[in-house]
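Participant: Going down the list, the protein sequences come from chains Z, G and C. Read in order, the letters of the first sequence are residues 1 to 551 in this note's numbering. Read in order, the letters of the second sequence are residues 552 to 835 in this note's numbering. Read in order, the letters of the third sequence are residues 836 to 1142 in this note's numbering. Quick reminder that beta carbons are idealized off the backbone N, C-alpha and C, glycines included. Handing you a structure now.
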Amino acid sequence: MEALARRMNHGLSFIKCLPRQRLPILACITILLAACGGVQDAERETVLHRGLGAEPESLDIHKARSNQAGDVQRDLGEGLTGYAADGKLELAAAERVEPSEDGLQYTFWLRPDGKWSNGDKVTAHDFVFGFRRLVNPATAAFYAQQSLGDVVNATEIIAGERPVDDLAVAAIDDLQLQITLNNPVPYFLALLTHPSTFPMHRPSVELHGDAHARPGNLVSNGAYKLQEWAVGSYIEIVRNEHYRNNDQTAIDRVRHHITPEDSVELNRYRAGELDVTFSVPSEAFEQMRKERPNELRVSPYLAVYYYGFNLTKPPFKDNPKMRQALSMAIDRETLTEKITERGEAPAYGWVPPGTNNYEPRQFLYANLTQDERHTKARELYREAGFSEDKPFSVEIRYNTADGHRRVALAVQSMWREVLGVESTLINEEAQVLLENIRMRDVTQVFRLSWTGDYNDAYTFLSVMESDNPSNLTGFSNDEYDGLMDKAAVQADPDVRQVYLEEAEKLLLSEHPVMPLYFYVNKNMVSPRVRGWGDNVLNYHYSQYLSLSDTD
Amino acid sequence: MSYLAAIRPILRKSRDNKTIVVCSSILLLIAAVALIGPLLSTHHYASTDFDNRFMLPSLSGWHLFGTDDLGRDLFVRTLLGVKVTLFVAIIASGVSLGIGVAYGAIAGYVGGKVDAVMMRAVDALYALPFIFFVILLMVVFERNFLLIFVAIGAINWLDMARIVRGQTLSLKQREFVDAARLIGVSTPGIILRHITPNLFGVVVVYMTLTIPQAILVESLLSFLGLGVQEPQTSLGALVNGGVSNMERAPWLLLIPSIVLALILLCFNFLGDGLRDVADPKKKT
Amino acid sequence: MLRYALLRIFGAIPTLLLVIALAFMMVHAAPGGPFDAERVLPPEIEQNIARAYNLDESLPQQFLGYLGGLVQGDLGPSYRYRDYSVSELIGNALPVSMQLGVLAMLLAIVTGIAAGLTAALSKNSYIDRLVTGIAMTGISVPVFVIAPVMVLVFAVYLNWLPASWTGGTEISRLILPVVALALPQIAYIARLTRASMIGVLSSDFVRTARAQGLKTSSIIRYHALKPAMLPLLSYMGPAIAGILTGSVVIEEIFGIPGVGQFFIRGALNRDYTLVLGIVIFYATLVILLNLVVDLLYGILDPRIRRR
C-alpha cells in the first residue's frame, strides 16, 4: 500500500519535473520533423493526393459497384473501351472494333502492346476469363446483369440455369475477341467502359482466389498498379511501366485518400494535404467561390435528385392531380439557388442535359412563371379534393444527411405556404430508407437519386420500366413499356431517339416522380494540377493528369 | 435517518451557499425564458424565410439572434432547443437515477452472490457498445421522441449503479448500519432508510455529472443524425448545425454553444455547491 | 484474491456469450441489409449474393455458423469490405485506436490529477478558481465543437499542425486528435480529483494525523492520496467508455481509421460480421478492464477486501 502511494507520488513529482525536460524533447522532435521533410524533397517522384470519398468496398472488379471503387479501378485497369479526358468515348485496350450489320455481333482487335503489370501480354483469353467470372453465380457480382445482360445466355448463366462456358464470348485468337448479343444495344460500347468488364489476369486469380485484389497480388493492365491499401486511410497506386501508354502518364504515384466527410476533406485541402477533392460541402461553396474561384470546379453531372411517389398505395395511387400539384408547388429555382447552392440546374425533366444523342424533355409547365405554377397547383389541389380547411397530409422520407434535410425542410415549407399541405419529415438511415422504399409499405414521398451508368438516355429511362427492380415508385404504364421495348431493339439511332423522347414525355406527364435538380460535379482542384477535364460522367483518370511545379 | 431529516439541513445550508443560489437562479431564469420567450416573438421556430437567410443578429425584423441557413429565427429556435434539451436531460437523468440507485444500493448492500450476478449483468450491458445499442433502438422504434431519453437514461444508469454500489460497499461497514442491524431493522429497511439517504451526497454529485452527460449524449446523437427530428431542435442539434456553418455565420455556432455551456456550467457548479452542502462529514 | 479473479474470468464467458447473442439479434433485427443500395439488384444476383454470404439460411443457422467460426478464431469476412476479413480490419484499426485512446487517457489522467490536486491543495485561491473554471469549460463544450474549431484554427488558419492523420507515427499528426479527445476527460478527472482530495483532507483520519503533528506533504503522500484516488478508480470505467465514444467523433473529424469509425460504418452499412467482431473485442476488453478496476479497488480500500 505504502509502496503504491509512494509510486503514485513519485509519478506526481515527475510531472513537476517535466518543464525542465520538455524543452530538449521538443527540440528533438522539431529536428526529426525537419529531417523527414528534407528527405522527401530529395525524391523527384511526382505524387498526386486525391480525395476519393467513401471507402471502396473492394478492388475486385466484380465485387464492387460504388463510384469510389470505380475511380480507383479505372486507374488500375483498362477495358475494351474507355473515355478520353474530355469525356469522349474511345477505344482503350482494343484498337479496332467491327460491329456486324445487324448490331448483334461485335468483333474486337486488341492492341498488341497491351501488357499486364507483371509484363505478361493482355490477350483476348483474359477478357473471356473475366467475362465468365463476371456472370458466374458463385462470384455474386453486382454488375453482371447490367454489364453483360444483353450477351447471349448471360441472364441464364447468372440465374444458374446454364454453365458458364455457354456465354457467347469467344477468343478467336490471342488478339481477337467476339461477343454476340441477343438484341442490338446502341450503347454497348459505353457499357464496356465499366470496370466490371475489364480483363482479368488468370494465373493470379487462380493462385490467390478471392484475395487476388489485394496489394501485392493484384495484377492490372492499366496505367497504375496497386501498391498499398491502408484501410480507412488511403489507397496508393504507382506507375505501371508496362502500360501501353506509359510514356503519356505524367504522375508516378497517386494516393487516393479516404474522405467520407466533405467538410473534413475541405479542411485537408485548405491545409495543403490534398490536391484534388472528391466533393465540396454546400456550406462552404460561397466562401470557396470568393476565396478560390479558380480552384472550384463545377460542371454538370449525369445524375438527378428526385422525390419519388409510392404509386402502389394511397394517397398517391391513381391520384395524378395531387402528384402534379405537389410537383408544381415546388420552387426549384429557389431550391437550387438558396438551399443547395452549388450551381445545380433545376430539373424539369428526368434525363439530364448533356446526355449523348438526346434532347431532354421537360414538364409542360416548365415555361410558366412560379406564380402561374402556384395558381395551377392550387387548382389541381382543389380538384383532388383538398383545400385550406381540409389539408392534405403526407410523409416525406429522406436519409440522414445535412443536404437532404435542408431540401426536405424547404419542400415542406413550400408545400405549406402554397397549398397548405401538412407534411411530416421522417429522417431515416440510408439502409432503413432503402428497405422501406423497396417494401412499398410505409413510404409516401421519398428522396432518392439516380446516376447514369453510361452516357445515354436509356440508363435513365429504363429505370421506369415496370419490370426494372430499380423502379422504386411502382410506375407501370404499358405504353411506356412499349416505347422502351421498341427503343431497345431499334438499330437506327435517330428513330431510337424519337422513341426515347416520346417515352420521357409520357413519363413526365404521369408524374411518378418529382425531379428536383440535376447534380453537378464539384471539386476543388489545386492550381498545380493540369489536365482536369470536366465531363458529365465525372471520370478523371489519373493518367491524364499532371502536376506543374510552378505554383 | 429519514429522507426529510437528510434533506432539510441541506436545503437550509443551500440558501446560504452563494454558488447554489446563483446557479439555480440562472437555470430557473433560462427555463423561464425558454417557456415564455416564444410568446413574445413574432416568429415561429419552423417558419422559413428564404430571402433572409444568414442574417446577423439585429433588432430589425426582431431577429435578436439572427437567422439560420433556412431563414429561421435563431432566438426562437434556441429557446426551443433549451426546452427540449432540459426536458430530455432531466427525464433521462431521472430514469438513470431511479434505476441506478436502486440497482446499485441493492447489489452493494446485499452483496455475495446477488451482488455478483447483478454486477455481471451490468458488465454484460456495459460491454454492449452504447452507440450501437442506441442506433438500433432508434432504428427499431422509428425515432420516437420518447425513446431518446429512455435510451439515454438506459445507458447512464450503469455508471450510476456502479458508483452507488461502490459507495454502498463502503457505507455497509459503517457504524450506524451495524447499529441499525443490531436493533433489528430489516434489509429493505436498512437500504431505504439508512443507506439511501447517505447516498444522497454521492448521488447528487454524480447527478450533476449525469445531467450534463445526458445533454452531451443528446448532442452526440444529433451529430449522428439520430436526435430530435426536424423541425424540432435541441441545443445539440443547433450546435451541430452551427459547426457546419462555422465560417459563414459564426453566430449560429456561438450563441447555442454559449447557452449550452452556460447550462452545463451551472449544473456543474451547482453540483459542487450541493456537494459542499450535502456531505455529511462536513462540519462547518 | 486470486480465486476471486479466476472466478470472475470464468464467469465472464457466459457474459460474453450473452453479449454475442444479444448483439447478433439486434443487428439482424435492424431493418435493411448489407447489400441494399439505391440501385436495386436483379433478383438472381440478390440470390447469388445471399448464397455467397449465408444470408439465405435461417437466423439460428447463421448464428451457429458464426459461433462455429468464432471457436476457430475466425470472425468471418466483412460483408461490406469484400476483400478483407473482419480480423484483418480490426487488426488494422485496433492499434490505431489504442494509440489514440491510450495517449489521450494518459494525458487526461496526468493532467487531470495534477490540475485537480493543485486546485485542491490551494483551495479557493485564484489558482483553484482558474483550474476549476477551465475544467468546467472543458466539460461544457462538446468535443465535436472543440475539435473542428481546433482544426480550423491550428491546421487551416495557422497551418501549425496537420489537419488529419494518415498513418505513420509523426507526432505532429497525433497532437490535435489526442488533445481534443483528452480534453473532456481532463476536465472530469480534475474535478473529481479536486472534490475527492478536498473530501479526504477534511476527513477524520487526516485531521487526526494533522493533530499528531505530521507535515502536510507527508499526510498527502502517505494518508490522503490513496483514498482520494478511489472515486477516480470508479470513474475509470466511464472514462474509458467516454474516450471510446469521443473517439468516434475524433476519428471522423481527423480521418483516423480506428475501431470507432469502422463500428459506426459497420452498423450503418449493416456489415453484420464487422459489427459483431468489434462488439466481441470491445466486450472482452471491457470485461477485463472491469476486473482490473475491481481488483484495484479491493487492493486500495482495505475495508472492502474481505468478501
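(1) Give a yes or no on whether 8 Å exceeds the smallest Cβ distance from ALA585/G to chain C.
(2) To the nearest angstrom, how far is the alpha carbon of ASP262/Z from that of ALA377/Z?
(3) Just checking: is the beta-carbon of SER560/Z within a distance shorter than 8 Å of some beta-carbon in chain G?
(4) Apart from the five residues just before and just after THR197/Z, which ones in its own chain have a Cβ nearer than 6 Å to its Cβ?
(5) Could you name the residues of the same chain whose beta carbon sits closer than 8 Å to that of ASP102/Z, not counting the 5 residues immediately before and after it, in chain order?
(6) Within 10 Å of its beta-carbon, does ASN1125/C have 16 or more other beta-carbons around it, so buried, or fewer, so exposed?
(7) Quick one: give me the first and last residue of the beta strand (DSSP E) that PHE518/Z is part of.
(8) Compare the C-alpha of GLY149/Z against each of LEU910/C, PHE870/C, ILE880/C, VAL1014/C and name the closest.
(9) Using a beta-carbon distance cut-off of less than 7 Å, what residues from the stretch 598-610 of chain G approach chain Z?
(10) So the beta strand (DSSP E) HIS256/Z belongs to, where does it begin and stop?
(11) At a cut of 8 Å, does the stretch 505-521 of chain Z reach the stretch 207-216 of chain Z through at least three beta carbon pairs?
(12) Checking contacts by CB at 8 Å: is ASN118/Z closer than that to chain C?
(13) Determine which residues share a DSSP beta bridge with ASP624/G and list them.
(14) Can you tell me whether LEU380/Z is buried or exposed? The criterion is at least 16 other CB atoms within 10 Å of its CB, across all chains shown.
(15) For chain Z, find out if any of its Cβ atoms is closer than 8 Å to the Cβ of PHE1040/C; answer yes or no.
(16) Would SER466/Z be called buried (16 or more neighbouring beta carbons within 10 Å of its own) or exposed?
(17) Using a Cβ cut-off of 7 Å, pull out every chain Z residue sitting near ALA990/C, in sequence order please.
(18) Can ASP600/G be considered in contact with the ligand ATP, in the sense that its beta carbon sits closer than 7 Å to one or more heavy atoms?
(19) For chain Z, is any of its Cβ atoms less than 8 Å away from the one on TYR916/C?
(20) TYR654/G versus chain C: which residues are under 8 Å apart at the beta carbon?
(21) Which residues mark the beginning and the end of the beta strand (DSSP E) in which ILE426/Z is found?
(22) If we ignore side chains and look at the alpha-carbon of each, how far apart do GLY911/C and LEU935/C end up?
(23) Considering PRO878/C, what are the terminal residues of the alpha helix (DSSP H) in which it resides?
(24) Look at the Cβ atom of GLY588/G, then the Cβ atom of LEU630/G, and state whether they are nearer than 8 Å.
(25) Going by beta-carbon coordinates alone, are ILE258/Z and SER299/Z separated by less than 8 Å?
(26) Can the beta-carbon of ARG244/Z be found less than 8 Å from the beta-carbon of ARG111/Z?
(27) When Cβ atoms are compared, which residues of the stretch 416-450 of chain Z fall closer than 7 Å to chain G?
(28) Whole angstroms are fine: how far does the CA of LEU786/G sit from the CA of SER770/G?
(29) Any idea if THR593/G is buried or exposed, counting beta-carbon neighbours within 10 angstroms, 16 or more meaning buried?
(30) Use the C-beta contact count for MET860/C: other C-beta atoms within 10 angstroms, 16 or more gives buried, fewer gives exposed.
(31) Excluding the 5 residues preceding and the 5 following ILE981/C in the sequence, name in chain order all residues of the same chain whose CB lies nearer than 7 Å to its CB.
(32) Could you tell me if LEU26/Z is buried or exposed, where buried requires 16 or more neighbouring beta carbons within 10 angstroms of its beta carbon?
(33) For the candidate residues THR1028/C, THR1080/C, VAL931/C, whose alpha-carbon lies nearest to that of PHE979/C?
(34) With a CB to CB cut of under 7 Å and the five nearest residues on each side skipped, what residues in its chain are close to VAL584/G?
(35) Which residues mark the beginning and the end of the beta strand (DSSP E) in which SER393/Z is found?
(36) Per DSSP, what kind of secondary structure is ALA170/Z in: helix, strand or coil?
Facilitator: With the given structure in hand:
(1) It does not; no Cβ of chain C falls within 8 Å.
(2) 37 Å
(3) The question about residue 560/Z has no answer, for chain Z in this structure spans 1 to 551.
(4) GLY79, SER147
(5) Only PRO184, ALA491 meet the Cβ criterion.
(6) Buried.
(7) Boundaries of the beta strand (DSSP E) around PHE518/Z: 513-524.
(8) ILE880/C
(9) THR599, PHE601, ARG604
(10) Note, HIS256/Z: beta strand (DSSP E), 253-258.
(11) no
(12) no
(13) THR618/G
(14) buried
(15) no
(16) exposed
(17) Under a criterion of Cβ atoms nearer than 7 Å, the residues of chain Z adjacent to ALA990/C are, in order, ASN267, ALA271.
(18) As presented, the structure is devoid of all ligands, the ligand ATP included, so that no description of it is given.
(19) yes
(20) Here the premise fails: no neighbours, minimum Cβ distance about 15 Å.
(21) Going by DSSP, ILE426/Z is part of the beta strand (DSSP E) stretching over 422-428.
(22) Computed Cα separation, rounded: 26 Å.
(23) Per DSSP, the unbroken alpha helix (DSSP H) holding PRO878/C starts and ends at 878-887.
(24) Yes. Within cutoff.
(25) no
(26) yes
(27) LEU425, ASN427, GLU429, VAL432
(28) 7 Å
(29) Label assigned to THR593/G: exposed.
(30) It is exposed - the Cβ of MET860/C has fewer than 16 other Cβ atoms within 10 Å.
(31) ALA1015, LEU1018
(32) Here LEU26/Z scores only 49 on pLDDT, less than 50, and its place in the model should not be relied on; the value that follows carries that caveat. Answer is exposed; the Cβ neighbour count stays below 16.
(33) If we check each option's Cα against that of PHE979/C, THR1080/C comes out closest.
(34) LEU630
(35) 393-399
(36) strand
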